[in-house]
Structure formats: C-alpha cells, structure tokens
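Peer 1: Chains F and G are the protein sequences, given in the same order.
Residues in the first sequence are numbered from 1 upward in steps of one, following the numbering used here.
Residues in the second sequence are numbered from 214 upward in steps of one, following the numbering used here.
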Amino acid sequence: MNIDKAIQRFLRAYLPLKDDLPTEMPAYVNSFGYFFGTMTLSSLAVVFMSGFVLAFFGPDWYHFSSVGRFVNAVHFWGVEIFYLCVILHINFKFFTAAWRGNRFRTWVNGWIIFSLTIFSGISGTLLQANWDSQWNSQQGKAAFNAIGISWMNWMNYTTVLTLHVVVFAGLILFFVITHLAFVRSESPVHPIVDEHAEEMYSEAMAEIEGEKK
Amino acid sequence: MSKISDINLRNIPMKPYDMVREGLFVFLGISFIVLLLAAFWGFPGNKYGPLTIEQVAKRAPIAFLQRTVSYFSGTSRLQTYGPPYTDNFNHAQHIGPICPNCWVGVIYPLNAKVDFVMQPLEQISTMDPAVARALSRYNLADKNIQDQWVKNYTDALARAQVVGGKVILPKGNYGPVPTLMDGMLTFARTGLLEAALTFNVNPRMAPYETNYTWPLLYLGGHIMSTVAGHFDEKGGEWGMSHIAGPYPGAWWLAPYTFLYQIPAIGNSNSGDLIAFVIFAIMMLTAIFLPIIPGLNRLPYFIPVYRVIWRDWYAKYPSGVVHTSKKE
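So, in structure tokens, the structure goes:
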C-alpha cells in the first residue's frame with residue numbers, strides 16, 4: 001500500500017481544496033451568529049501571537065518595560081475577548097442544534113478545546129507573577145490536590161510555564177485544527193426542519209398528486 | 214466537495230463566499246478591539262505585584278513571627294495538611310471512599326519546622342554568631358523545655374509591640390527563641406528568605422531551581438487570607454473568577470466558583486472535591502447533551518433558531534428545499 005496515495009485519496013474524499021477554501025456557502029448561512037466561530041478563532045490567534053512575543057523576551061521584559069507591558073496586556077485582553085466569543089459561539093451552536101447530521105464529534109471536539117483552555121487559562125494566571133497568581137496558587141492547590149492532580153506541581157514555575165506554552169497550547173492547536181477540518185468537511189448544519197410543516201407539505205403534495213390522477 | 218458535504222448540501226441553494234477575506238476582516242476587527250482594550254486599560258494585574266516575605270516582615274513583623282513560630286512549634290495547619298505534603302490522610306478531601314488526593318499520596322514531603330525554619334536558621338547561624346549560640350542552646354535543651362519556651366513566646370507575641378521596627382515582648386521565660394525568631398525576621402527583611410527557601414528545595418539544582426512551592430506556601434494561611442479578603446478574593450467571594458481590583462478575571466469560571474457560594478459546599482472540608490465533581494457532571498452534561506434524550510430537544514422548543522434562519526424559513530417554511538422550489 002502506498003501511504004501517500006492513501007492520504008491523497010482520504011483528503012480528496014474528505015478535505016478537498018474546494019472545502020478547505022470555499023468559494024460558496026449554503027444560502028442559509030446568513031446570520032451574524034456565523035461570525036462567532038471566526039471571532040473565536042481570531043481572538044485565539046491574537047492570544048497565540050502575543051504569547052509568541054512574550055515567550056521571546058521573558059517575564060522581566062513584560063512586567064517592567066512599557067512595550068512588554070503592552071504585549072502582556074494584549075495577551076490578557078485577547079483571552080477575555082476569546083471567552084466572550086467562544087461562549088457566544090457555543091450558545092449559537094446550541095440554539096441551532098449544530099450537532100445534527102453526524103456532527104456530534106465536532107461538538108465534543110469543541111468542548112475538549114474549551115476544557116483545555118480552562119487549564120491553559122489557570123496556568124496563565126499562575127504565570128502572571130503577581131498577587132493574583134500567588135493567591136490562586138494557594139487557592140488552586142487545594143482544588144488540584146483534592147481532585148488528584150497534585151503530581152502536576154502548580155507551584156513549580158518551569159512546570160507551569162511548560163504546561164502553558166507547550167502542552168496546553170499544543171493540545172489546543174491540535175484540537176482547533178481538527179475542529180476546523182471537521183467543520184469544513186461537514187459543511188454548515190442545515191436549518192432545523194419543522195416536522196409539522198413538512199408533514200402538511202407532504203399531505204398537500206399527495207392531495208395534488210391524487211387530483212392529477 | 215467532500216463526500217459528507219456532497220450529501221449534506223444536495224439540493225441546497227448556494228451563494229458566493231470568500232472565507233479568507235471574511236476571516237481577515239474579522240481578525241482585523243478583533244485585533245483592533247483587543248489593542249484598544251490593552252492600550253486603554255493595560256494589564257490590570259500589574260497593579261498588584263506579588264506579596265513578598267520581605268514586605269510582610271517589614272510591615273507586619275508580628276504576623277510574620279506568628280507564622281514563623283507556628284512552623285517552629287509544629288502547630289500550623291500546613292503541618293497536618295495531608296497529601297501531597299504530609300501523611301495526615303484523614304485531612305485529605307474525600308467523598309466516602311473516593312479520595313483522589315490519597316491515591317496520589319505524599320509526593321512532595323514537607324517538614325515545615327525543618328524546611329521553613331531550622332534550615333534557614335542554620336544558614337543564618339553561619340553569618341550571625343548570636344543566632345548560632347541560640348540555636349545550639351535550643352538544640353541542647355530538653356524537649357519539654359523547648360516546648361515551654363516556644364509556647365511562652367507564642368502567647369507573648371499576642372501582647373508584643375513594635376517599636377522602631379523592633380518587636381518588644383513582655384518579660385518572660387522564652388529561652389533562646391526570641392533570638393532565633395529575630396534572626397528569621399532580620400533575614401526575611403533582607404529579602405533573602407524566599408531565595409533560601411527555594412535553594413533549600415534542592416541545593417543540587419542551585420542556580421536552576423524554579424520550584425517555588427516552599428516560598429509560596431510560607432505566607433499561606435492567615436496572612437494571605439487577610440490580603441485576599443481585602444481584595445474580596447476569598448472562595449466565598451467568587452474566588453478565581455475575578456482579579457484584584459475592579460477588573461474582570463476568569464469570569465468564565467463563574468459556574469464553577471458559584472458552587473462555592475453554596476454554604477453546604479463552601480463550608481465543607483471536602484468542598485473542592487464536591488465542587489469539582491458537580492462541575493465535572495455539568496461539563497459532561499454539556500458534552501453529551503446531543504445524545505441525552507429531552508435535553509437534545511431543547512433548541513427545538515426554544516425557537517431562537519427561527520430568528521437565526523428567519524430568511525430561510527421565509528422562503529422554505531418547513532426548512533426543507535423541495536426540488537420544485539429549487540433555485
């Protein structure tokens with residue numbers, strides 16, 4: 001078996017270029033709510049990009065230089081906006097019952113991302129090296145110990161930093177990519193069908209058919 | 214299109230679209246909002262830096278000494294905390310036989326008397342002969358006498374006064390304990406106690422040690438709790454879901470921190486475990502909602518979807534495109 005050929009076949013079947021970079025959308029994709037996902041992704045991009053800069057210059061820079069403080073602030077507000085967008089996105093997907101048509105995996109995948117971001121957010125808070133991170137490490141230790149994850153030592157700066165910038169960021173990135181792949185492969189969910197109206201339509205059609213005969 | 218899209222979009226009218234262009238516009242919009250917020254408010258967490266042992270030793274020397282002598286006497290809550298620090302398994306949070314903390318066990322053993330006080334005192338002794346003599350006298354004394362000195366000192370601290378930065382105790386039989394505690398206070402005031410505690414975690418890692426467990430735990434209990442109370446940040450005050458000052462924090466954790474506002478959970482010895490189990494059930498309900506009968510019908514009963522797809526329903530009342538109506 002040629003693995004490359006198999007991957008090509010798979011991508012052609014499930015992720016062809018036409019879906020990766022779509023030039024048309026179903027007509028029902030016509031609501032501001034469809035922006036929430038893009039807004040979530042955009043704010044996540046802002047968080048990643050600002051985090052990238054923070055990683056390069058380090059804590060003394062982002063706590064004590066004016067430019068560093070600004071980038072740190074961008075990272076912080078990026079997270080605040082991210083959660084605003086993701087909660088709007090989740091609500092939109094709930095109210096449209098977006099798991100229909102075998103999209104359950106995408107729904108679960110989204111919740112995995114959300115759960116990961118919670119841990120990423122907590123580790124980020126602990127890395128702020130301020131009163132809040134100090135207090136949260138005290139508060140958090142009781143919670144982390146209670147649920148049996150004390151083995152991830154949340155008071156070891158290197159552990160928390162590595163978890164934040166490698167493990168959680170990497171996992172988030174992975175699941176975001178799979179989320180997007182699922183979304184593009186499946187196409188946007190169809191509007192909910194009003195079964196009663198549909199039944200009436202069928203009955204009317206049958207009646208017309210009967211009259212014709 | 215993909216195999217799945219081919220099936221899903223059969224007979225569905227399409228409209229022109231440019232995903233990348235839309236994405237770029239949204240990204241620019243979001244970036245602008247974030248940059249504006251950052252420029253206007255900055256990083257609010259910069260306002261309150263970490264609480265240092267030096268600050269506490271200088272501004273609240275009696276509170277520092279009370280905390281230090283509680284480690285020295287072995288009466289601090291931390292010394293019977295349970296896993297992962299001590300073997301007081303009865304203090305680990307549990308729901309019946311479920312005790313995840315016990316299962317992990319004592320993986321970061323801590324002897325607060327030795328690690329937080331005796332070790333730094335030995336290091337201070339090399340620089341301060343008075344502390345060296347006091348330490349030697351303390352170590353040579355009978356255990357009962359040691360305990361009596363520490364008890365007398367602890368009781369006297371409640372009546373101590375600070376004059377010109379010095380802690381003045383009423384007259385009493387404290388043995389060498391005041392010299393030892395003053396040695397700790399002086400050392401803390403230099404700002405070096407955090408460094409010593411971090412170094413002592415593992416001297417073999419000396420220049421690289423970043424395990425700040427000991428200096429972070431040192432000010433725990435009453436001192437940090439008082440500061441947190443000042444900022445309304447205690448568990449019963451929505452804890453982690455906001456930060457110090459009038460700024461949003463992890464507000465998205467509100468469904469979790471809400472649980473701590475329920476007295477039966479907030480005041481329970483196993484409150485963290487109970488809150489987590491309830492939160493985990495809430496999360497699992499959300500994750501598996503599409504396959505939970507009844508709950509998965511909720512969006513059908515709350516007709517928000519009618520508003521979202523109003524244009525579509527105006528054209529196709531049942532939501533289905535019938536071939537005769539196909540555009």
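Built from N, CA and C at the ideal position, the CB exists for glycine as well.
Short check: CB of F/Gly148 to CB of G/Val317, under 8 Å?
Peer 2: By 1-based counting over the first sequence, the position of residue 148 of chain F is 148. By 1-based counting over the second sequence, the position of residue 317 of chain G is 104. Their beta carbons are under 8 Å apart, which means F/Gly148 touches G/Val317 by this criterion.
Peer 1: For F/Asn72 versus F/Tyr62, is the C-beta distance shorter than 8 Å?
Peer 2: Position 72 of the first sequence, counted from the start, is the residue given in the question as residue 72 of chain F. Position 62 of the first sequence, counted from the start, is the residue given in the question as residue 62 of chain F. Yes, they are a contact pair.
Peer 1: Tell me the residue span of the beta strand (DSSP E) that contains G/Gln374.
Peer 2: Here residue 374 of chain G refers to the residue found at position 161 of the second sequence. Run containing G/Gln374: Gln374 to Val376, per the beta strand (DSSP E) assignment.
Peer 1: Along the stretch 130-151 of chain F, where does the CB come closer than 7 Å to a CB of chain G? Name the residues.
Peer 2: Answer in chain order: Asn130, Trp131, Asp132, Gln134, Trp135, Asn136, Ser137, Gln138, Gln139, Ala142, Ala143, Asn145, Ala146, Ile147, Gly148, Ser150 and Trp151.
Peer 1: Would you mind working out which of F/Val108, F/Ile7 and F/Phe56 sits nearest F/Val183, comparing C-alpha positions?
Peer 2: Within the first sequence, the letter at position 183 stands for residue 183 of chain F. The option with the nearest alpha carbon to F/Val183 is F/Val108.
Peer 1: Quick test of the definition: if touching needs 3 or more C-beta pairs under 8 Å, does the stretch 378-390 of chain G touch the stretch 301-318 of chain G?
Peer 2: Counting Cβ pairs under 8 Å, fewer than three are found: no touch.
Peer 1: Could you check which residue in G/Ile266, G/Arg346 and G/Ala273 has the C-alpha nearest to that of G/Leu370?
Peer 2: In the second sequence, counting from the first residue as 1, residue 370 of chain G sits at position 157. Nearest C-alpha to G/Leu370: G/Ala273.
Peer 1: Assuming F/Gly33 and F/Phe92 are in contact, meaning their beta carbons sit under 8 Å apart, how far apart are those beta carbons, in whole angstroms?
Peer 2: Numbered from 1 along the first sequence, position 33 holds the residue referred to as residue 33 of chain F. Numbered from 1 along the first sequence, position 92 holds the residue referred to as residue 92 of chain F. 4 Å between Cβ atoms; contact.
Peer 1: Which chain G residues are close to F/Gln8, counting only those with a beta carbon under 7 Å from its beta carbon?
Peer 2: Position 8 of the first sequence, counted from the start, is the residue given in the question as residue 8 of chain F. Simply none; closest approach about 14 Å.
Peer 1: Flag G/Lys271 as yes if its beta-carbon sits less than 8 Å from any beta-carbon of chain F, otherwise no.
Peer 2: Position 58 of the second sequence holds residue 271 of chain G. No, its Cβ sits nowhere closer than 8 Å to a Cβ of chain F.
Peer 1: For the ligand FMN, any of its heavy atoms closer than 7 Å to the Cβ of F/Ala206?
Peer 2: As far as ligands go, the structure on display features none, and thus does not contain the ligand FMN.
Peer 1: May I ask you to report which of helix, strand or coil DSSP gives G/Met331?
Peer 2: Within the second sequence, numbered from 1, the residue matching residue 331 of chain G stands at position 118. Of the three classes helix, strand and coil, the one that applies to G/Met331 here is helix, per DSSP.
Peer 1: Checking the sheet assignment: what are the DSSP bridge partners for G/Val380?
Peer 2: Residue mapping note: residue 380 of chain G aligns to position 167 of the second sequence, counting from 1. For G/Val380, which the question treats as bridged, DSSP gives the partners G/Val375.
Peer 1: Measuring straight from C-alpha to C-alpha, what distance separates F/Asp19 and F/Ser185?
Peer 2: Locating residue 19 of chain F in the first sequence gives position 19, where the first residue counts as 1. Locating residue 185 of chain F in the first sequence gives position 185, where the first residue counts as 1. Looking at the two C-alpha atoms, the distance is approximately 6 Å.
Peer 1: With burial defined as no fewer than 16 other Cβ atoms inside 10 Å of the residue's Cβ, what is the status of F/Met1: buried or exposed?
Peer 2: Translated into the one-based positions of the first sequence, residue 1 of chain F becomes position 1. With fewer than 16 Cβ atoms within 10 Å of its Cβ, F/Met1 is classed as exposed.
Peer 1: The beta strand (DSSP E) that contains G/Lys364, what's its start and end?
Peer 2: Position 151 of the second sequence, counted from the first residue, corresponds to residue 364 of chain G. Here G/Lys364 belongs to no beta strand (DSSP E); instead the alpha helix (DSSP H) covers Lys356 to Leu370.
Peer 1: If contacts are defined as beta-carbon pairs under 8 Å, then G/Ile243 and F/Met39 qualify, I think. What distance do you get, rounded to the angstrom?
Peer 2: Mapped onto the second sequence, residue 243 of chain G falls at position 30. Mapped onto the first sequence, residue 39 of chain F falls at position 39. Confirmed, about 6 Å.
Peer 1: For chain G, check one thing: does any of its Cβ atoms lie closer than 8 Å to the Cβ of F/Ala169?
Peer 2: Looking up residue 169 of chain F in the first sequence gives position 169. Taking Cβ atoms only, chain G never reaches closer than 8 Å to F/Ala169, which makes this a no.
Peer 1: Would you verify that the beta carbon of G/Asn423 is, or is not, closer than 8 Å to some beta carbon of chain F?
Peer 2: Taking the first residue of the second sequence as position 1, residue 423 of chain G is located at position 210. Per the sequence presented here, residue 423 of chain G reads as Thr, with Asn not at that position. Taking Cβ atoms only, chain F reaches closer than 8 Å to G/Thr423, which makes this a yes.
Peer 1: Is DSSP giving F/Met25 helix, strand or coil here?
Peer 2: Residue mapping note: residue 25 of chain F aligns to position 25 of the first sequence, counting from 1. Here F/Met25 sits in strand by DSSP.
Peer 1: Hey, quick one: how far does the alpha helix (DSSP H) through F/Met39 stretch, first residue to last?
Peer 2: As a first step, residue 39 of chain F must be located in the first sequence, where it is residue number 39. Segment Phe35 to Phe57, the alpha helix (DSSP H) holding F/Met39.
Peer 1: According to DSSP, which residues form a beta bridge with G/Met227?
Peer 2: If you number the second sequence from 1, residue 227 of chain G lands on position 14. G/Met227 is bridged to F/Pro26.
Peer 1: Let me check understanding here. Comparing Cα to Cα, which of F/Thr23, F/Ile177, F/Gly124 and F/His179 lies closest to F/Trp154?
Peer 2: Your numbering for residue 154 of chain F matches position 154 in the first sequence. Nearest C-alpha to F/Trp154: F/Gly124.
Peer 1: Kindly list, in the order they appear in chain F, the residues whose Cβ is closer than 9 Å to that of G/Tyr518.
Peer 2: For the purposes of this step, residue 518 of chain G is taken as residue 305 along the second sequence, with counting starting at 1. Neighbours of G/Tyr518 on chain F, chain order: Phe95, Thr96, Ala97, Pro191 and Ile192.
Peer 1: Tell me whether the stretch 21-32 of chain F and the stretch 65-79 of chain F touch, counting them as touching only if at least three CB pairs, one residue from each stretch, are closer than 8 Å.
Peer 2: Counting Cβ pairs under 8 Å, fewer than three are found: no touch.
Peer 1: Output the boundary residues of the alpha helix (DSSP H) element that contains G/Pro342.
Peer 2: What you label residue 342 of chain G is simply residue 129 of the second sequence in a count that begins at 1. First-last of the alpha helix (DSSP H) with G/Pro342: Pro342 to Leu353.
Peer 1: What in chain G is Cβ-close to F/Glu80, meaning under 7 Å?
Peer 2: Walking along the first sequence from the start, residue 80 of chain F turns up at place 80. Within chain G, the residues near F/Glu80 are Pro461.
Peer 1: Mapping the DSSP letters down to three states, classify F/His179 as helix, strand or coil.
Peer 2: Against the first sequence, residue 179 of chain F aligns to sequence position 179. Helix at F/His179.
Peer 1: At which residues does the alpha helix (DSSP H) containing G/Ile392 begin and terminate?
Peer 2: Counting from one through the second sequence, the residue named residue 392 of chain G turns up at place 179. The question names Ile, but residue 392 of chain G is Thr in the sequence shown. Counting along the chain, the alpha helix (DSSP H) containing G/Thr392 begins and ends at Val390 to Arg402.
Peer 1: What number of angstroms, rounded off, separates the C-alpha of F/Ile3 from the C-alpha of F/Ile177?
Peer 2: Along the first sequence, read from residue 1 onward, the residue named residue 3 of chain F stands at position 3. Along the first sequence, read from residue 1 onward, the residue named residue 177 of chain F stands at position 177. Roughly 22 Å between the two C-alpha positions.
Peer 1: Closer than 7 Å between beta carbons: that is the criterion. Which residues of the stretch 379-399 of chain G meet it against chain F?
Peer 2: For the stretch 379-399 of chain G, which is checked against every Cβ of chain F, not one residue is closer than 7 Å.
Peer 1: Since F/Trp61 meets chain G, which of its residues come closer than 7 Å, beta carbon to beta carbon?
Peer 2: Against the first sequence, residue 61 of chain F aligns to sequence position 61. Here the premise fails: no neighbours, minimum Cβ distance about 13 Å.
Peer 1: Throw me the rounded Cβ distance for the G/Gly258 and G/Ile456 pair, which I believe falls under 8 Å.
Peer 2: As a first step, residue 258 of chain G is located in the second sequence; it is residue number 45 there, counting from the start. As a first step, residue 456 of chain G is located in the second sequence; it is residue number 243 there, counting from the start. About 6 Å; that satisfies the 8 Å criterion.
Peer 1: Hey, could you find the ends of the alpha helix (DSSP H) F/Thr106 is sitting in?
Peer 2: Residue mapping note: residue 106 of chain F aligns to position 106 of the first sequence, counting from 1. Per DSSP, F/Thr106 belongs to the alpha helix (DSSP H) from Phe104 to Leu126.
Peer 1: Near F/Leu171, what residues of its chain come up, given a Cβ to Cβ distance below 8 Å and the 5 sequence neighbours on each side ignored?
Peer 2: For this step, residue 171 of chain F is matched to residue 171 along the first sequence. Cβ neighbours of F/Leu171 beyond the five flanking positions: Leu116.
Peer 1: Take every Cβ of the stretch 52-61 of chain F, pair it with every Cβ of the stretch 238-253 of chain G, and state whether three or more of those distances are shorter than 8 Å.
Peer 2: No: fewer than three Cβ pairs fall under 8 Å.
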